[in-house]
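> This is the structure I have questions about; it appears just below.
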Amino acid sequence: MAVTPEASPVALAVVLAPVLVVGHIVLVRWMRDTTLGFVHLFLAFGLYGGTWFAVAAAWWGVSLTISQMIAGGATAGFACLAYMQVFSLVCRGFSLRILVDIHRCGALDVPGIMREYSDGHGIDWLVEKRIVVLERMRLIERRQDGLALVKPQGVWVGRMGGCVKDVLKPGQGG
Amino acid sequence: MSQPQSIASLVLPAALAFFSFLVVHIAAWQVLAPERKSVALLSTLALAAYPASIVFCEFVFDLAVWQHLWTSLPCFAFLVVVYFHFYFGVDRSLSIRILQELVESDTGFVTLEQLDAVYPKQDMVSRRVAVLLDKGYLEPRDAAYACTPRGRVLVRLALLGKRLYNLSATG
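Quick mapping for you: the protein sequence lines, in order, are chains A and B.
If you read the first sequence in our numbering, its first letter stands for residue 1, the second for the next number, and so on.
If you read the second sequence in our numbering, its first letter stands for residue 175, the second for the next number, and so on.
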């Protein structure tokens, strides 16, 4: 099979993938502010994408074609989103956390899992954490003893979730 | 920067593969039982769509695979990973489910008790435990659940990740 000019930028994006992982780990450990959430991740995306572009521009210069940029950019984009999925699983994965807590306690039933969730924080803590994130994004706000939608964006996201579930019928979800 | 002759022909197989993946996925999700709508099946559909598109493009548009592989494969992989983020976000996200319940409440307001009534916390856990049991990560033990060897491998990886990223409370 012939190797076309688009193969080199793809290979470059693959070779530079450790920049994304190592860059992210260094940023997370260096900037310890836990309220930053996924900001480190997007900084690492920028570092990886920027490194790819800098090396590609230095290597190919003006001979870098649009098809090469599409091929390299799509590979880098795939690497970023695939890595984001893995990080999200470690950081926020609900099922993975259930496994960790069961392993920590030896064996647990469902009420035990709810009580011991995330090193004993409990399932209420998880729901509260998600509500705080939605509040911080200004999609909802607390009123008296409940939650209220405050922005059209919140309505759109909620409706989109409902529409997708109407079409794909995956169950209630969540 | 030189302009190649046919960028469209380089990304066409990716677009066709993604479109056919979506069509088959939506059609299959209409007829399958909820427990069969798995990550493995979704991934299999995605993996099958790309070679099918290659064959289609070879015969219909006379596009040899070596002409577009290095562009179409990354583009297809990128589209699929974007869709997976979207699909699993909508299907599994607690935040989106909370927003959905708020939208469906007509007034755009729910008390925490009402939220718990339509979206019980016990169901959140039970649903996931059922999947973990089905996938062989958990096994029943004395009216409770314990990790299988397969589950313990996943736990070790999770703990490694937690240490690596210096995370405090996860989940």
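All C-beta atoms, glycine included, are put in the ideal place defined by N, C-alpha and C.
For the beta strand (DSSP E) containing Val284(B), list its first residue and its last residue.
Residues 283-285.
> At least one CB of chain A closer than 8 Å to the CB of Thr285(B): is that the case?
Judged by the 8 Å Cβ criterion, Thr285(B) is in contact with chain A.
> Near Gln241(B), which residues of its chain fall below 8 Å by C-beta distance, leaving aside the five closest residues on each side in sequence?
Same-chain partners within the cutoff: Ser183, Leu184.
> Starting from Gly162(A), find everything on chain B with Cβ-Cβ shorter than 8 Å and list it in chain order.
The contacting residues are Gln274, Val277, Glu278.
> Can you find at least 3 beta carbon pairs, one from the region 264-283 of chain B and one from the region 201-208 of chain B, that sit closer than 8 Å?
Counting Cβ pairs under 8 Å, fewer than three are found: no touch.
> Taking 8 Å as the limit between beta carbons, can you name the residues of its chain near Leu96(A), skipping five residues before and five after?
For Leu96(A), where only same-chain residues beyond five positions count, the Cβ hits under 8 Å are Leu89, Val90.
> Give me the subset of the region 96-109 of chain A whose CB atoms are less than 8 Å from a CB atom of chain B, sorted by chain position.
Here the close residues are Leu96, Arg97, Ile98, Leu99, Val100, Ile102, His103, Gly106, Ala107, Leu108, Asp109.
> Please list the residues of the region 292-310 of chain B that have a C-beta atom closer than 7 Å to any C-beta atom in chain A, keeping them in chain order.
Listed in sequence order: Tyr293, Lys295, Gln296, Met298, Val299, Ser300, Arg302, Val303, Val305, Leu306.
> Determine the closest residue to His121(A) out of Arg324(B), Cys321(B), Ser279(B), Thr344(B), with distance taken between C-alpha atoms.
Closest by alpha carbon: Thr344(B).
> Going by other Cβ atoms of all chains shown within 10 Å of its Cβ, with 16 needed for buried, is Met137(A) buried or exposed?
By the neighbour-count rule (16 or more Cβ atoms within 10 Å), Met137(A) is not buried but exposed.
> For Met31(A), count neighbouring Cβ atoms within 10 angstroms of its own Cβ and tell me buried if that reaches 16, exposed if not.
By the 10 Å Cβ count, Met31(A) comes out exposed.
> Going by the beta-carbon positions, is the gap between Phe78(A) and Phe252(B) smaller than 8 Å?
Closer than 8 Å, so yes.
> In chain B, which residues lie with their C-beta within 8 Å of the C-beta of Met114(A)?
Within 8 Å Cβ-Cβ: Lys295, Gln296, Val299.
> Which ranges does the alpha helix (DSSP H) cover as unbroken runs of at least 4 residues, wholly within the region 49-131 of chain A, from first to last along the chain?
The qualifying runs are 66-92, 94-105, 110-120.
> So is Phe78(A) in contact with chain B if we call contact Cβ pairs under 8 Å?
So, interface residue.
> By the DSSP assignment, the beta strand (DSSP E) with Leu147(A) in it spans what residues?
Here the beta strand (DSSP E) through Leu147(A) covers 146-149.
> For Leu134(A) and Ser269(B), which I take to be in contact (beta-carbon distance under 8 Å), what is that distance rounded to the nearest angstrom?
So it is a contact: roughly 6 Å between Cβ atoms.
> For the alpha helix (DSSP H) that Ala201(B) lies in, which residues bound it at each end?
First-last of the alpha helix (DSSP H) with Ala201(B): 181-205.
> What residues from chain B crowd round Glu135(A), counting only those whose CB sits closer than 7 Å?
Result: empty, since nearest Cβ-Cβ is about 11 Å, beyond 7 Å.
> Consult DSSP for Ala320(B) and reduce its assignment to one of helix, strand or coil.
Correct three-state label for Ala320(B): strand.
> Using a Cβ-Cβ cutoff of less than 6 Å, which residues in the same chain neighbour Ile102(A) once the five nearest sequence positions on both sides are dropped?
Counting only Cβ-Cβ distances below 6 Å, and skipping sequence neighbours, we find Leu108.
> Could you tell me which whole alpha helix (DSSP H) segments of length 4 or greater appear in the region 259-299 of chain B?
You should have 268-277, 286-292.
> Have a look at the DSSP bridge pairing and note the partners of Ile140(A).
The partner list for Ile140(A) (beta bridge, DSSP) reads Leu149(A).
> Using 10 angstroms around the beta-carbon of Glu6(A), count the other beta-carbons present and answer buried if the total reaches 16, otherwise exposed.
The residue in question, Glu6(A), is buried, as its Cβ has 16 or more Cβ neighbours within 10 Å.
> From the DSSP output, in three-state form, read off Leu237(B) for me.
Here Leu237(B) sits in coil by DSSP.
> Kindly indicate which three-state DSSP category Leu16(A) falls into: helix, strand or coil?
The answer is coil: DSSP assigns Leu16(A) none of H, G, I, E or B.
> Secondary structure at Glu232(B), three-state DSSP: helix, strand or coil?
Three-state DSSP puts Glu232(B) in a helix.
> State the CB to CB distance for the pair Leu27(A) and Ala54(A), rounded to an integer number of angstroms; the pair is presumed to be in contact (CB under 8 Å).
Leu27(A) to Ala54(A), Cβ: 18 Å. No contact.
> Does the separation of the CB atoms of Ile131(A) and Leu147(A) fall below 8 Å?
In this structure, Leu147(A) lies closer than 8 Å to Ile131(A) by Cβ.
> Gly161(A) to Lys169(A), Cα distance in whole Å?
Each residue's alpha carbon lies about 11 Å from the other.
> Taking 8 Å as the threshold (beta carbon to beta carbon), is Val197(B) in contact with chain A?
Cβ-Cβ to chain A under 8 Å: no for Val197(B).
> Taking the straight line between their C-alpha atoms, what separation do you get for Arg315(B) and Val256(B)?
Cα-Cα distance, rounded: 39 Å.
> Ordered along the chain, which non-local residues of its own chain (more than five positions away) have a Cβ less than 7 Å from that of Lys211(B)?
Once the five neighbours on either side are set aside, the close Cβ partners of Lys211(B) are Trp203.
> So, does the region 284-301 of chain B touch the region 186-193 of chain B, judging by three or more C-beta pairs under 8 Å?
Output reads no: the region 186-193 of chain B does not touch the region 284-301 of chain B.
> Enumerate in chain order the residues of its own chain whose CB-to-CB distance from Thr245(B) is below 7 Å, with the five nearest sequence positions on each side excluded.
Cβ within range, chain order: Leu184, Val185.
> By the three-class DSSP mapping on this structure, what secondary structure does Leu215(B) have?
If DSSP states are grouped into helix, strand and coil, Leu215(B) belongs with the helices.
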